[in-house]
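J.: Sequential numbering of the sequence shown, starting at 2, is according to this note's numbering. Ideal Cβ placement from N, Cα and C applies to all residues, glycine included.
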Amino acid sequence: MKEQTEVGKLKEGRYVVVDDEPCRIVSIAISKPGKHGAAKSRIDCIGIFDGVKRSIVQPVSAKTYVPIVERKTAQVISIADTNVQLMDVKDFEMFELNLTEEQVSGLEPGKEIPYISSLGKKKLE
């Protein structure tokens, strides 16, 4: 799920969709309008799920998409190596996440943990 907004209304720390990937905005630089054009905005951001740095340059009045990022809670159902099966506490949706060994070491079945969900992707906080 995503909604549309103007580039000029974006702020640091918020989210934006770049290359179909939800990203957290790290910095915004706005240039002055020139003789023949509008002010441009350079947005540097980092992907929420992949950690890749991305940047976009667009006019301040252009439209862009903002992802709806939800923070939810899930219960650990089972753990198999680094593959963890989880169930959302509110809507009882079952899903699996592939985690690192470090993340798995602190988990046990029955424990409730927070996670982030946006554009059909999920990860632990």
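#1: Considering only residues of the same chain and omitting the five flanking positions on each side of residue 54, which have a CB-CB separation below 6 Å?
#2: How about residue 97 and residue 105: are their beta carbons less than 8 Å apart?
#3: Let's test the definition: count the other Cβ atoms within 10 Å of the Cβ of residue 110 and tell me whether it reaches 16, buried, or not, exposed.
#4: So residue 25 packs on residue 49, CB below 8 Å; how close in whole Å?
#5: Identify which residue in 87, 35, 66 and 2 has its Cα closest to the Cα of residue 20.
#6: Would DSSP call residue 113 helix, strand or coil?
#7: Kindly indicate the opening and closing residues of the beta strand (DSSP E) around residue 13.
#8: Can you pull the DSSP bridge partners for residue 34?
#9: Please return the same chain residues whose Cβ sits closer than 6 Å to the Cβ of residue 68, not counting the five positions on each side in sequence.
#10: CB-CB under 6 Å to residue 30, same chain, minus the five flanking residues each way: which ones, in chain order?
T.: Walking through what the data contain:
#1: Translated into the one-based positions of the sequence shown, residue 54 becomes position 53. Closer than 6 Å at Cβ, skipping near neighbours: 47.
#2: Here residue 97 corresponds to residue number 96 of the sequence shown, with the count starting at 1. Here residue 105 corresponds to residue number 104 of the sequence shown, with the count starting at 1. No, the Cβ-Cβ distance between residue 97 and residue 105 is not below 8 Å.
#3: Reading the sequence shown from its first residue, position 109 is the one you call residue 110. Under this definition residue 110 is an exposed residue.
#4: In the sequence shown, residue 25 corresponds to position 24, counting from 1. In the sequence shown, residue 49 corresponds to position 48, counting from 1. That belief holds up - the Cβ atoms of residue 25 and residue 49 are roughly 6 Å apart, short of 8 Å.
#5: Taking the first residue of the sequence shown as 1, we reach residue 20 at position 19. When only C-alpha atoms are compared, the closest one is 66.
#6: Counting from 1 along the sequence shown, the entry for residue 113 is found at position 112. Of the three classes helix, strand and coil, the one that applies to residue 113 here is strand, per DSSP.
#7: For the purposes of this step, residue 13 is identified with residue 12 of the sequence shown, where counting begins at 1. Neither: residue 13 is in no beta strand (DSSP E) and is coded neither H nor E.
#8: For the purposes of this step, residue 34 is taken as the residue at position 33 of the sequence shown. DSSP lists no partner for residue 34.
#9: In the sequence shown, the residue the question calls residue 68 occupies position 67. If we look at residue 68 and ignore the five residues flanking it on each side, its Cβ neighbours are 3, 16, 18, 23, 119 and 120.
#10: If you number the sequence shown from 1, residue 30 lands on position 29. 43, listed in sequence order.
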